[in-house]
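Numbering (this note's numbering), first residue to last: 5 to 396.
Note that beta-carbon positions come from the ideal geometry of N, C-alpha and C, so glycine has one too.
Bear in mind that the values here come from a model prediction, so they are computed numbers and not experimental data.
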Ligand SMILES: Cc1ncc(COP(=O)(O)O)c(C=O)c1O
């Protein structure tokens, strides 16, 4: 086995969750998905495709109709003045995670320096490592539970020779979201350094900061078609489609043929019936996603004030995403804390150290709570369990 694979850290979210997956008495908020099933109109499109016998391979890059629909959908979300996307810049992938891996395969040679903004979903650090990258992390800073980026620190880390910056905004787990002016600075700097930006924007629609806005700021609002920019996106979160494994990449068109080759060697293509489901999702996006976002906002606004009312907890409302990232400073070892909460309180949360280097004192004692719950009462019950445990 390759040494880098041998040395990869297994997901600490899984370490906690796998031990109690089959325990019905545990309230589970550890994974990043809603407990609501995919809307019926999407499921029906997949059934109709199967009934029509669409059981064959498709083009590596996806059905032309889906690529065109994705370009239209993305253009509809862009800020005024953004360069319009064309379908030749879209590649359909088997979820965001496959898009991230293919981006890493396309861009990273062994030994390349790669900068990743953390805390972040563990895959974004692990995938460049699989390719042999030398990963340097730049950490967001917490203040009273809210997170910000020290732009000087990030730009200092991106030097000539830095192959890529990997950044996830809105961010899993903190909800931190890049501002447009920060994106402009990063893009300008990456152009000067000759670095790629891999922007994970799978939560772009789950943005609560500016009511009425349809999406968080995107690098696609600013970049041109020649920029070294790969944007990773997914149907999982905005359309409640985690189990379908459908996502897409937006690429400079010169990179599309290389990604087509890599798709062949990874999955060959996404299943046609799943792509048909994706087409249905896009044609009903105007109804589905605003309802998803409205409900998630309610979830966040139910959970976070209840947590804030507990003494000894730091947490701020996340501007975007699916998560409350909370801190119990009295319990610095977050892995032990998450395990104890499962055993002693029947509460399933993800340990903060799955998402960042926990050596720094201000990075200790964090937990991620996915608030995407169809039933708000589950969230209230979860807080009750935490409160009772803290009072023991
Ligand atoms: C930041 C981030 N990127 C990508 C993904 C991948 O999602 P999927 O592969 O389901 O599209 C996730 C899933 O939780 C995520 O949190």
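Here residue 248 carries a helix assignment [DSSP, helix/strand/coil]. One thing to note: residue 158 has its Cβ no nearer than 7 Å to the Cβ of residue 139. Judged by DSSP in its simplified three-state form, residue 32 adopts strand. Taking a contact to require three or more Cβ pairs closer than 8 Å, the region 315–329 and the region 342–352 do not qualify as touching. Relative to residue 75, the option among 91, 60, 84, 64 whose CA is nearest is 91.
The DSSP-derived three-state label of residue 140 is strand. No residue range can be given for residue 259, since it is assigned to no alpha helix (DSSP H) and is classified by DSSP as neither H nor E.
Assignment of residue 145 by DSSP, reduced to helix, strand and coil, places it in the strand class. Note on geometry: alpha-carbon atoms of residue 59 and residue 195 lie some 43 Å from one another. For residue 68, the enclosing alpha helix (DSSP H) begins and ends at 68–81. The residue among 31, 174, 227 with its C-alpha nearest the C-alpha of residue 241 is 174. Residues of the same chain with a CB within less than 6 Å of the CB of residue 368, apart from the 5 flanking positions on each side, are 336, 362 in chain order.
Each of 171, 274, 318, 34 was checked against the Cα of residue 21, and the nearest Cα belongs to 34.
A direct Cα-to-Cα measurement between residue 95 and residue 103 gives close to 9 Å. When only Cα atoms are considered, residue 215 and residue 260 end up about 35 Å apart. Under a 10 Å Cβ-count criterion, residue 357 is classified as buried, with 16 or more other Cβ atoms of the shown protein chains found around its own Cβ. Proximity of the beta carbon of residue 206 to ligand 1 is indicated: a heavy atom of the ligand is located closer than 6 Å. If only complete runs of 4 or more residues are kept, the region 165–250 shows the alpha helix (DSSP H) at 184–197, in order along the chain. DSSP, reduced to helix, strand and coil, places residue 354 within a strand of the structure shown.
Only residues of its own chain outside the window of five on either side were considered, and among them 387, 390, 391, 394 have a CB closer than 8 Å to the CB of residue 314, listed in chain order. Residue 309: member of the alpha helix (DSSP H) spanning 289–312, first to last residue. Residue 204 places its beta carbon 7 Å or farther from that of residue 228.
In this structure, ligand 1 has a non-hydrogen atom nearer than 6 Å to the beta-carbon of residue 246. Residue side-chain check: residue 217 keeps its Cβ at 6 Å or more from all non-hydrogen atoms of ligand 1.
Taking all protein chains in view, the Cβ of residue 296 is crowded by 16 or more other Cβ atoms within 10 Å, so the residue is classified as buried. In this structure, residue 125 has its CB closer than 6 Å to one or more heavy atoms of ligand 1. Residue 318 is bridged by DSSP to 331. Between residue 375 and residue 304, the C-beta spacing is below 7 Å. Here the C-alpha atom of residue 267 lies approximately 12 Å from the C-alpha atom of residue 61.
Rounded to the nearest whole angstrom, the C-alpha separation of residue 231 and residue 345 is 46 Å. Here DSSP, grouped into helix, strand and coil, assigns residue 341 to helix. Taking 8 Å as the upper bound for CB-CB distance, residue 253 and residue 235 are in contact here, some 7 Å apart. In the DSSP annotation of this structure, the continuous segment of the beta strand (DSSP E) that includes residue 95 starts and ends at 94–97. Boundaries for residue 27: no beta strand (DSSP E) harbours it, and the DSSP string shows neither H nor E there. 7 Å or more divides the Cβ of residue 73 from the Cβ of residue 244.
Residue pairing by DSSP places residue 271 opposite no residue, since no beta bridge is assigned to it.
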